[in-house]
Amino acid sequence: MNNINNLKSLELTVGDPFSKTARLKARNVNVFYGNNRAIDNVTIDIGSKEVISFIGPSGCGKSTFLRCFNRMNDTIDSCVVQGEISIDDENIYDKKIDVVPLRARIGMVFQKPNPFPKSIYDNVAYGPRIHGLSESKQHLDYIVEESLKRAGLWNEVNDRLQSAGTGLSGGQQQRLCIARAIAVSPEVILMDEPCSALDPIATAKIEDLIHELGNDYSIVIVTHSMQQAARVSKRTAYFHLGKLIEVGRTKDIFTRPQHNKTEAYISGKIG
Amino acid sequence: MEQNHISSSFDKDLNKLNNNLLKLGNTALDQFEKCINNFGTQNLDEIKTVINSDKILDDLDDKVQKAGFEIIALRAPQAADLRRVIVALKIATIFERIGDYSRNISNRTKLLIDLKYTDLPGVNIGKMGQKTQTMFEDVLDAYINENDDLAVKIRNSDVKIDKMHTEYYLEIISHMQRKKNFAPTGAHLLFIAKNIERVADYVTDVAEQIYFLVNGHVLSDHRPKADKTSLKIPN
Amino acid sequence: MNNKIITPLEASDKVKKSIAKRRAKDKRLKFYGRAAISLAVCFLLILFYSIFLKGYSGFFQYYVTLDINFDRERIDPKGDLSDNSLFDGEASAIVNESLFSIIQPQGRKAKKQAKKIVSSGKDVRITKMVKNDPSLFGTITKVKFALDDDIDSFLRGYIKRETPESERRISNKVIEYIDKLNEEGRISYEFSDYILTGSASGNPEMAGIKGAFIGSMLTLSVCLLIAFPLGVATAIYLEEIAKKNKITEFIEVNINNLAAVPSVVFGIMGLAIFISIFGMPRSIPLVGGMVLALMTLPTIIISSRAAIRAVPPSVRDAAYGIGASKLQVIFHHVIPLAMPGMLTGTIIGMAQALGETAPLLMIGMVAFIVDVPNSVVDPGTVLPVQIFMWADFAERMFIQKTSAAIIVLLGFLISMNALAVYLRKKLERRW
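Quick note, the sequences are listed as chains G, D and V, same order. Residue numbers for the first sequence follow my numbering, beginning at 25 and rising by one. Residue numbers for the second sequence follow my numbering, beginning at 447 and rising by one. Residue numbers for the third sequence follow my numbering, beginning at 73 and rising by one.
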């Protein structure tokens with residue numbers, strides 16, 4: 025007999041962590057800060073052209089896990105990553121892999137908007153310049169314009185491209201950072217709580233933008249607001265104390281989660 | 447819907463919900479119109495079509511329920527958005543039930559054809575049906591335009607249908623008392639009249655929901671009632 | 073003691089009672105602060121006032137105006153304006169003749185004393201003038217000559233008439249002649265054209281700081297060219313590239329200690345290593361610059377490291393995130409943002425180096441050099457050392473000139489520090 029509390033409480037990940045169109049594959053990933061284990065044996069696929077969000081209480085390791093995908097954890101001395109993360113079946117933690125082009129394929133947008141202290145144009149053009157993506161000045165202009173258009177910022181700044189990027193409002197700065205990430209034509213964009221420093225209107229604009237970008241890029245977004253995950257993503261992964269508890273379609277996670285821990289978090293019973 | 451949400455996908459979801467609801471409403475209206483017509487024309491094929499088409503209404507109702515449920519879970523709608531979604535869910539159920547009544551009326555009409563029923567003066571099912579149909583059309587109009595004045599008008603006109611129902615009820619009962627073998631026919635007629643009256647009540651429910659949708663609170667005064675059939679004992 | 077929760081009413085009451093004490097404390101603190109600053113400003117004002125007072129007069133000296141007959145045959149016997157010809161000429165005699173025509177000394181002794189009135193550089197002045205402007209030949213033109221330093225001191229009032237002649241440096245006869253020149257209005261007190269354009273000289277009236285100034289500039293240039301790139305590169309390496317382990321900690325401690333080492337020690341080191349072991353010549357700005365560079369390096373390294381550390385990690389994250397390599401992050405992002413701090417530290421270090429005397433004395437930049445150094449390998453001296461040397465000389469006029477040189481030095485120090493502040497304000501970028 026089934027009742028409403030027929031929820032699983034297994035130790036394994038519930039739901040469907042795999043994806044048929046997987047671009048990024050994480051297998052048995054463990055992350056340690058010194059002796060502390062921050063991520064415990066996580067396996068998940070990131071599909072092509074989808075928006076997937078990582079949710080969970082503070083300290084559950086979702087940001088740490090996100091940063092594994094573009095090896096930003098390399099900049100932290102005490103951090104050790106075990107396991108395999110591969111893009112197109114190439115393990116990105118292999119010694120032979122150069123981290124610089126990797127980060128052009130997998131871009132990142134941070135919690136606090138951090139445009140370079142340069143002009144708006146130079147902010148967006150920096151990536152294409154250092155990676156040698158543009159063939160001529162006109163081509164570079166084109167890349168900058170397209171990226172700003174896709175980030176929904178072109179109409180607001182096209183008459184002042186030479187003014188400082190830091191002179192924009194918070195929401196505009198974050199969109200500038202998104203444009204900067206898009207300018208190098210990534211396949212995946214990682215977003216670490218991109219709206220947590222913004223007001224509700226700016227947040228709503230960025231969420232709308234993310235929804236649109238999901239048609240062209242794979243987007244992984246870490247958020248501490250599960251309502252944001254509900255609004256923005258097609259797939260949701262719930263993390264708890266470093267473990268991946270449940271992965272599934274957002275609709276299902278929020279209307280009928282399968283794991284009791286997920287249910288408890290979604291309905292506000294645990295922090 | 448007036449102003450768009452910043453999140454265009456939220457607008458998309460709300461529009462999907464609304465479109466399915468209107469489809470459901472228009473189909474239910476269509477079904478009702480046909481079943482009233484078929485009572486007059488007694489066209490068996492048409493009647494069968496109406497009975498078989500009831501499934502469509504069930505499917506549409508499922509769609510609306512699912513869409514509304516997801517919007518509440520994923521969007522946490524507030525204020526007018528919340529009222530719209532809740533009202534849409536309630537109205538969908540009502541339309542689906544109206545569809546059920548249309549099917550019942552069609553079934554009974556089939557039986558009346560077998561019983562070779564022609565006409566009973568003083569009992570104009572067609573007129574009652576048409577008046578109800580007009581209320582139904584108006585209520586769909588009121589929903590699309592979010593017109594609460596029209597909704598109040600519709601709600602107040604339910605009393606006319608009630609009066610008609612009481613009148614026809616008495617007439618049919620007295621005829622059944624005079625001619626004993628009229629009883630089966632009369633019974634079906636009674637049910638059909640009752641069903642139409644129920645449809646009118648449901649339409650009035652929808653009107654009250656529309657008022658709540660627009661104003662955020664229910665109509666305060668009581669609905670005028672004139673259905674005395676459960677109160678009077680005919681002699 | 074009863075422990076109980078204080079009600080809001082009680083709390084606000086207690087706060088009110090304590091407020092008077094707290095306000096009084098604030099007031100006292102403010103007063104102490106203001107008093108300390110006022111005291112410091114007072115001392116500063118006194119310092120500047122006394123220096124300025126003494127040194128102001130060093131920029132001026134006394135001149136005598138004489139009518140000079142620019143006789144070509146006598147001045148330039150060979151007629152080709154060559155140094156040889158001018159050397160053989162009688163420019164001095166012409167000047168003396170003009171002087172004598174006014175004061176008319178009688179007798180050999182008087183004439184001898186009269187010859188000393190005008191500064192011994194008179195012939196150089198004449199020959200320089202004709203070299204610049206040969207059209208002067210054949211004219212009689214008024215020329216201003218500096219007066220001998222004793223006359224100058226007398227005119228300023230340091231040598232008094234009242235002193236008995238045997239104790240005075242100038243005789244009564246000379247005083248008579250001076251008075252005569254004064255009556256004719258030929259003596260004037262003007263801005264010295266020697267102090268800034270002349271080099272070191274035994275004659276105070278002709279002494280100037282030009283040589284020392286050029287020497288300072290050359291030495292500082294060498295110091296800057298060595299210390300700045302080296303210091304900045306070290307700071308970048310220690311902050312960004314080197315792993316944090318015992319070795320880097322050890323290096324950091326040593327650098328911090330070096331900043332506190334007395335500068336004369338660097339001079340001794342320069343003497344021992346650059347001059348004795350490497351065999352470089354003494355007294356040249358190149359060696360001086362190298363010694364000063366060693367001394368300034370710790371300052372530059374420490375301030376550059378602080379500037380680099382002040383760059384927020386969000387800028388680095390953004391740069392790494394877009395796929396910049398470590399070197400690109402350093403050169404495109406960290407250094408431009410840290411540059412104001414680095415420049416400020418460098419300029420302050422240079423200002424310190426400008427005023428250093430002891431290490432340069434140790435490596436011998438104290439020679440009496442008359443010629444202005446033309447390159448970093450010509451012997452030279454620096455401003456503070458020049459001041460140090462002049463302070464030793466006996467002549468009274470050197471006192472004024474020394475104070476004037478101090479004013480020039482202080483002026484440079486202040487403007488360098490002002491430049492540091494201006495640059496810092498201008499280049500500061502907000503992130």
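We put the beta carbon where it would ideally sit given N, CA and C, even for glycine.
In this chain, the beta strand (DSSP E) harbouring G/Gly272 covers Lys267 to Arg273.
A distance below 7 Å between beta-carbons, with the five flanking residues on each side excluded, links D/Gly662 to the following residues of its chain, in chain order: Arg529. Rounded to whole angstroms, the separation of the alpha carbons of V/Asn275 and V/Ile281 is 13 Å.
Residue-level contact by beta carbon fails for G/His248 and chain D, as no gap is shorter than 8 Å. Neighbours of V/Ile356 across chain G, judged by C-beta separation under 8 Å, do not exist; the nearest C-beta is about 43 Å away. Counting only unbroken stretches of 4 or more residues, the alpha helix (DSSP H) elements lying wholly within the stretch 302–378 of chain V are 318–330 and 335–342, in sequence order.
Under DSSP, the beta-bridge partners assigned to G/Ser143 are G/Ala188.
If you look at D/Gly632, you'll find it in the alpha helix (DSSP H) that goes Ala629 to Asn661. Closer than 8 Å to the CB of D/Ser666 there is not a single CB belonging to chain G. Secondary structure of D/Ala588 (DSSP, three-state): helix. Separation of V/Ala430 and V/Val457 (C-alpha to C-alpha, rounded to the nearest whole angstrom) is 8 Å. Each residue's CA atom was taken as its position, placing G/Ile130 and G/Ser209 some 9 Å apart.
In this chain, the beta strand (DSSP E) harbouring G/His264 covers Arg259 to His264.
Counting the other CB atoms within 10 Å of its CB gives V/Pro236 a total below 16, which places it among the exposed residues. Counting every other CB atom within 10 Å of its CB across the protein chains shown gives G/Lys49 a total of 16 or more, marking it as buried.
Relative to the Cα of V/Ile308, the nearest Cα in the group V/Ser375, V/Thr368 and V/Phe142 belongs to V/Ser375.
When the Cα atoms are used, D/Ile540 and G/Glu231 turn out to be separated by approximately 36 Å. Rounded to whole angstroms, the Cβ separation of D/Val510 and D/Ala534 is 6 Å, and the two are in contact under 8 Å.
Annotated three-state conformation of G/Cys219 is coil, per DSSP. Excluding sequence positions up to five before and after G/Phe278, its CB lies within less than 7 Å of the CB of Ala254 and Ile290, all in the same chain and listed in chain order. Where V/Asp139 is concerned, the enclosing beta strand (DSSP E) starts and stops at Phe132 to Asn141.
Neighbourhood of D/Ala522 in chain G, by CB distance below 9 Å: Gln251, Ala254 and Arg255, in chain order. For G/Gly151, the closest Cβ of chain V is nearer than 8 Å. Residue G/Lys136 holds the alpha-carbon nearest to the alpha-carbon of G/Gln198 among G/Lys136, G/Tyr117 and G/Leu268. G/Gln106 is bridged by DSSP to G/Asn54. Each residue's CA atom was taken as its position, placing V/Phe263 and V/Phe131 some 6 Å apart. G/Arg47 sits in a strand when the DSSP states are folded into three classes. Three or more beta-carbon pairs separated by less than 8 Å are not found between the stretch 321–328 of chain V and the stretch 444–456 of chain V, which leaves the two stretches without contact.
Annotation for V/Ser122: the continuous alpha helix (DSSP H) segment containing it runs Pro80 to Tyr128. Per the DSSP secondary-structure output, V/Ser260 pairs in a beta bridge with V/Tyr135. Around the beta carbon of G/Asn97, 16 or more other beta carbons sit within 10 angstroms, so the residue counts as buried.
Taking a cut-off of 8 Å for Cβ pairs, the stretch 61–77 of chain G and the stretch 112–123 of chain G do not touch, as fewer than three such pairs fall below it. Partner residues in the beta bridge of V/Leu219, as assigned by DSSP, are V/Val190. Of all residues in the stretch 376–400 of chain V, the ones placed with a Cβ closer than 7 Å to any Cβ belonging to chain G are Ser386, Val387, Asp389, Ala390, Tyr392, Gly393, Ile394, Gly395, Ala396, Ser397 and Gln400, in chain order. Contact annotation for G/Ile154 against chain V: Ile394, Gly395, Ala396, Ser397, Gln400 and His404 [CB-CB distance below 9 Å, chain order]. For D/Ser455, the closest C-alpha among the options G/Gly189, G/Gln252 and G/Leu265 is that of G/Gln252.
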